[in-house]
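A.B. asks: Position 97 of the sequence shown, counting from 1, maps to 97 under UniProt numbering, and the rest follow consecutively. Got a structure here, written out as structure tokens. Questions coming.
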Amino acid sequence: MFGIRYAKASPSTYLIQYRNGQPVREGAGLAFFYFAPSASLVSIPMESVDAPFMFSEVSADFQQVTVQGQVTYRVSDPKLLASLMNFTLQPNGTDYVSEDPGKLPQRVVNAVQVQLRAALQGQKLQDLLHESEGLVQAVREGLRRPDGLPSLGLELVSLAILAIRPTPETARALEATIREQILKAADDALYLRRNAAIEQERAIKENELNTEIAVETKQRQIRETQMDAERAVLEKRLQIQAQEIQGRIAYERENEALTELRVANARRQADARAYEVDALVKTVRGVDPKVLQALSLGSAAPGAVIAAAFQDLAQNASRIGELNISPDLLQELVRSPASQD
């Protein structure tokens, strides 16, 4: 009514009122009445904005790659942004008079592409595929430099690289290379396992041989100990036998001495008897044998006397005509030998 209108901004919208080309009121979340014919309103949204992007660039090794991600930004200096781009509202207070507000996300994406291209030119494809964090860090630092987003009055909230994809042909080549590396790693692992198994088997055999050597050494020590014990027993037995032989030798020597003594005594006794006999023979050498016989019969038994008598009869049998023996004499002769037995 009469050109007076009411303007109300949300807390996330920065509103600037211009009158005759000069700012008269500005701030976030303002609500006021204004005279439309002499006023213009600039509305700058302050909330963060997500801008997805997807670029096709060339890496340092001249490989085509597609980078997909998302950048999030917000307005940090609305007055600077308002001086660079037209955020003026139409008289209805809702629509913008230009297309600049819709072009802001593209400007941010373009700034991201510039920084991303500079980063890609210094890295090879495989490095990009293996580690994208370095690429993100380089782009983030480039956007935060004074000639980056701050030059537009913007602030970088976050940057995410969602995918880095090579061309299908390059991807197949990389897959083949990686596949060969994986197969080689598998072969190396198999070789290492076999080598480890061989080493383990060799270690087991060495342990078995060492055990056998230890057992043989122990058995040899046992045999040597047994042989030493047997040698000691044999030496002791030989010592005992030597002592026995020495005892026998001493006994034989004593026996020999005793025998020699006995022989000497027997010889002396025989010499004594021979001397006696010789003396006796010398004594009776001139005596009549009959006298000697008679002398010997003087102390003889009756049987011996009778035998001597019969011997004389036998010597003089030619002179005896008849010999009568009485029964008593015969009985005496027969009984005498029996009684002697």
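Every residue, glycine too, gets a C-beta built ideally from N, C-alpha and C.
Taking the alpha helix (DSSP H) that glutamate 141 falls in, what are its first and last residues?
C.D. replies: 133-144 is the span of the alpha helix (DSSP H), which, as asked, contains glutamate 141.
A.B. asks: Give me, in chain order, the residues of the same chain whose beta-carbon lies closer than 6 angstroms to that of tyrosine 14; leave out the 5 immediate sequence neighbours on both sides.
C.D. replies: Excluding residues within five positions, the ones whose Cβ falls inside 6 angstroms are Ala28, Ile44, Met46 and Pro78.
A.B. asks: Can we say the stretch 161-177 touches the stretch 88-107, given the rule of at least three CB pairs closer than 8 angstroms?
C.D. replies: No contact exists between the stretch 161-177 and the stretch 88-107.
A.B. asks: By how many angstroms is the C-alpha of asparagine 255 removed from the C-alpha of leucine 236?
C.D. replies: Per the sequence shown, residue 236 should be read as lysine rather than leucine. One C-alpha to the other measures close to 28 angstroms.
A.B. asks: Tell me whether aspartate 50 sits in a helix, a strand or coil according to DSSP, three-state version.
C.D. replies: In the structure shown, aspartate 50 sits in a strand (DSSP, three-state: E or B).
A.B. asks: Taking just the CA atoms, how far does alanine 7 sit from leucine 30?
C.D. replies: Each residue's Cα considered, the two are about 8 angstroms apart.
A.B. asks: Which residue marks the beginning of the alpha helix (DSSP H) containing lysine 103, and which one marks its end?
C.D. replies: Element bounds for lysine 103: 100-120.
A.B. asks: Use the C-beta contact count for phenylalanine 87: other C-beta atoms within 10 angstroms, 16 or more gives buried, fewer gives exposed.
C.D. replies: So phenylalanine 87 ends up on the buried side.
A.B. asks: Where do the ends of the beta strand (DSSP E) carrying serine 83 lie?
C.D. replies: From DSSP, serine 83 is part of no beta strand (DSSP E) but of the alpha helix (DSSP H) over 78-84.
A.B. asks: Which partner residues of serine 158 appear in the DSSP bridge assignment?
C.D. replies: DSSP lists Thr72 as partners of serine 158.
A.B. asks: Which same chain residues end up closer than 7 angstroms to serine 38 when comparing Cβ atoms and leaving out the 5 residues on each side of it in sequence?
C.D. replies: Here the set comprises Arg19 and Asn20.
A.B. asks: Beta carbon of glycine 153, beta carbon of leucine 84: below 8 angstroms?
C.D. replies: Yes, the Cβ-Cβ distance between glycine 153 and leucine 84 is below 8 angstroms.
A.B. asks: Give the single residue among Gln137, Gln181 and Gly3 whose Cα lies nearest to the Cα of phenylalanine 35.
C.D. replies: Nearest of Gln137, Gln181 and Gly3 to phenylalanine 35, Cα basis: Gly3.
A.B. asks: Measuring only the C-alpha atoms, how far is valine 114 from glycine 148?
C.D. replies: If you take the alpha carbons of valine 114 and glycine 148, they lie about 10 angstroms apart.
A.B. asks: Exposed or buried, what is glutamine 123 when buried is set at 16 or more other beta-carbons lying within 10 Å of its beta-carbon?
C.D. replies: By the 10 Å Cβ count, glutamine 123 comes out buried.
A.B. asks: DSSP has threonine 167 in a bridge; who is on the other side?
C.D. replies: Looking at the DSSP assignment, threonine 167 forms no beta bridge with any residue, so it has no partner.
A.B. asks: What is the rounded straight-line gap between the Cα of leucine 41 and the Cα of threonine 66?
C.D. replies: The straight-line gap from Cα to Cα measures roughly 42 angstroms.
A.B. asks: Going by DSSP, what residue range makes up the alpha helix (DSSP H) through leucine 128?
C.D. replies: It spans 125-130 - the alpha helix (DSSP H) in which leucine 128 sits, taken as one unbroken run.
A.B. asks: Excluding five sequence neighbours on each side, which residues of the same chain lie with their C-beta closer than 6 angstroms to the C-beta of serine 56?
C.D. replies: Closer than 6 angstroms at Cβ, skipping near neighbours: Thr66.
A.B. asks: Look at the alpha carbon of residue 344 and the alpha carbon of alanine 203, and state the distance between them as a whole number of angstroms.
C.D. replies: One cannot answer for residue 344 here, as it falls past the ends of the chain, which runs 1 to 341.
A.B. asks: Do you know how far the Cα of glutamate 208 is from the Cα of leucine 128?
C.D. replies: So the alpha carbons of these two residues sit roughly 54 angstroms apart.
A.B. asks: Once DSSP output is grouped into helix, strand and coil, what is the label at threonine 66?
C.D. replies: In this structure, threonine 66 counts as strand in the three-state DSSP scheme.
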